[in-house]
Amino acid sequence: MESVTLEKIKASKQQIIDQMYAELENTPLEDRFYSSSNIESASADLDTYIKRLSQKSDSESIAKSIKWIFQALSTFGQEDESPEYLWGFIYNGYTKELTEFILNTAFAFGLEKGNPKTIKPTIIHLKHNPHSTDRFRVYIGTTSNNGVLLNYNLRSSQFEYLENIYGERYGLPVFDLTINKDSSELSFDVLASGVYKTIILKAVQPTDNILFTAIHVLHTSEQLEKDAPPDHCSLELELTEGVLTRLTTMNYDANNRIINMFTKGTGIKVFVQKIDANGCFQSSDNMADHPEIVAEKFVIVDAVPDWKYYEIEDLAMQNDIITVRTGSQRFEYENDERNKVIAHETEARTISYPIRSYDFMTALLHGLLASRK
């Protein structure tokens, strides 16, 4: 390698180290998450990383070196730190700077992209909490454990890639996030697990196109940058092969207090409910053993004042109102033990739920609900 390139690499490293020292000095003692000794160790680790690449730079050794430097920088060098609790420089304040340095250095020594990973979504799981730093998180996958988890970083107003799909908060930067003209393909690059690769998401359902567009818009603008008013709701939505399987919202009052499920003005709770051979709902609040599942119903929970289920005949959204028309049966547990569900004939109802949210989220919800199967 030319000495001028090596000098540039070392200069880039030193800029990051100098930034760490400067920010440490300007941060109150009680707010610091690292010390000067942590910076010294990081500097030495980065020097070792450069040396390892300069000594051997085939694809396998580069991948091993990337894994090593990520581990060192993510745990402050503590080898017994579990991957679930990563908390060092690479995931806490300098993720983008260090990732770009690691990547650019590896490119200088001959790094090549790994094979692209293509995902044709079957499952979409979206969470939005306007009162949290995790304001928008979406899982897109073919199964519950084969997909990508993207989290919107409020500080950068861009998406990050979460390597652990079970939900750790530590995201990696995504590079070159692009969408094609008809919104049928969204792609991005990521440096993860020692490999720099392209991930391609290919639309299968119309709802995929809508979600891809929303991700691209959110990544290239600042739609959720401003703090939400205290009464904006949080929401969770699931689609399976374009079919809506869950939609829940949690409403807040003007003082940002959660409105209880058994109180007027609460949020909406609709989902696919499994029913076993004994006529019991198999839900998260009933963990007893169940006989064979024989049916499913798409239901809405009406908990005011008592917990009831209605099968949904129709669900629509106009402006900022979701309207649900129920069927002619009301389902309730027979007793407090919740071991059998009984049905009562009743008149069909129309229940309306206002959605207080960002214009971006309201428009996305409109599009997904209108385009679902």
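Residue numbers for the sequence shown follow our numbering, beginning at 173 and rising by one. Even for Gly, the Cβ is constructed at its ideal location relative to N, Cα and C. Keep in mind that this is a model prediction, so the values were computed, not measured.
| query | result |
| --- | --- |
| Using only the alpha-carbon positions, how far apart do TRP259 and THR247 sit? | 6 Å |
| Using the three-state DSSP reduction, which class does LEU283 fall into: helix, strand or coil? | coil |
| Would you grab the beta carbon distance between ARG528 and ASP399 for me? Rounded to a whole angstrom, and I think it's under 8 Å. | Going by Cβ atoms, the distance from ARG528 to ASP399 rounds to 14 Å, so no, they are not a contact pair. |
| How is the beta strand (DSSP E) around LYS289 delimited, first residue to last? | 289–291 |
| Evaluate GLY499 with the Cβ neighbour count: other Cβ atoms within 10 Å of its Cβ, from every protein chain shown; 16 or more gives buried, anything less gives exposed. | buried |
| Could you tell me if GLY546 is buried or exposed, where buried requires 16 or more neighbouring beta carbons within 10 angstroms of its beta carbon? | Summary: the structure shown does not reach residue 546, with the chain confined to residues 173 through 545, and so no result is reported for it. |
| Helix, strand or coil for HIS297? Go by DSSP, reduced to three states. | strand |
| Take ILE211 as the anchor and find which of SER231, ILE188, ASP230 and SER233 has the nearest alpha-carbon. | ILE188 |
| Can you list, in chain order, the residues of its chain whose CB lies under 7 Å from that of ASN381, leaving out five sequence neighbours each side? | SER355, SER356 and ALA375 |
| In this structure, does DSSP put PHE308 in helix, strand or coil? | coil |
| Can you tell me the Cα-Cα spacing of LYS182 and ILE274, whole angstroms? | 12 Å |
| Applying the 10 Å Cβ sphere with the 16-neighbour rule, what's the burial state of ASN423? | buried |
| Taking the alpha-carbon positions, what's the ASN198 to VAL442 distance? | 49 Å |
| Measure the Cβ-Cβ separation of LEU540 and THR379 and say whether it is below 8 Å. | yes |
| Could you check which residue in ASP190, PHE279, ALA515 and ARG309 has the C-alpha nearest to that of TYR266? | ASP190 |
| In the DSSP output, what is THR412 paired with across the bridge? | ILE295 and VAL415 |
| With DSSP run on the structure shown, which of helix, strand or coil describes PRO402? | coil |
| Return the chain-ordered list of same chain residues with a C-beta closer than 6 Å to the C-beta of VAL444, the five sequence neighbours on each side being excluded. | THR417, GLU468 and PHE470 |
| From PHE347 to LEU283, what distance separates their C-alpha atoms? | 16 Å |
| Inspect the beta-carbon positions of THR435 and VAL473 and report whether they are closer than 8 Å. | no |
| For THR498, which residues does DSSP report across the bridge? | ILE484 |
| What does SER359 pair with, by DSSP beta-bridge criteria? | THR350 and ILE372 |
| Hey, PHE331 and ILE387: beta-carbon distance below 8 Å or not? | yes |
| Please state whether DSSP places GLY539 in a helix, a strand or coil. | helix |
| What span of residues does the beta strand (DSSP E) with LYS446 cover, start to end? | 441–448 |
| On the CB-based measure, 16 or more other CB atoms within 10 Å of its CB, does VAL415 come out buried or exposed? | exposed |
| Rounded to the nearest angstrom, what separates GLU483 and GLY451 at their Cα positions? | 14 Å |
| Please work out which residues of its chain come closer than 8 Å, Cβ to Cβ, to CYS405, disregarding the five sequence neighbours upstream and downstream, and give them in chain order. | PRO302, THR421, MET422, ASN423, TYR424, GLY439, ILE527, ARG528 and SER529 |
| Buried or exposed: which applies to SER304, given that a residue is buried once 16 or more other Cβ atoms fall within 10 Å of its Cβ? | exposed |
| State the CB to CB distance for the pair GLY366 and LYS236, rounded to an integer number of angstroms; the pair is presumed to be in contact (CB under 8 Å). | 7 Å |
| Does the Cβ of GLY437 have 16 or more other Cβ atoms within 10 Å, making it buried, or fewer, making it exposed? | exposed |
| In the DSSP output, what is MET422 paired with across the bridge? | SER406 |
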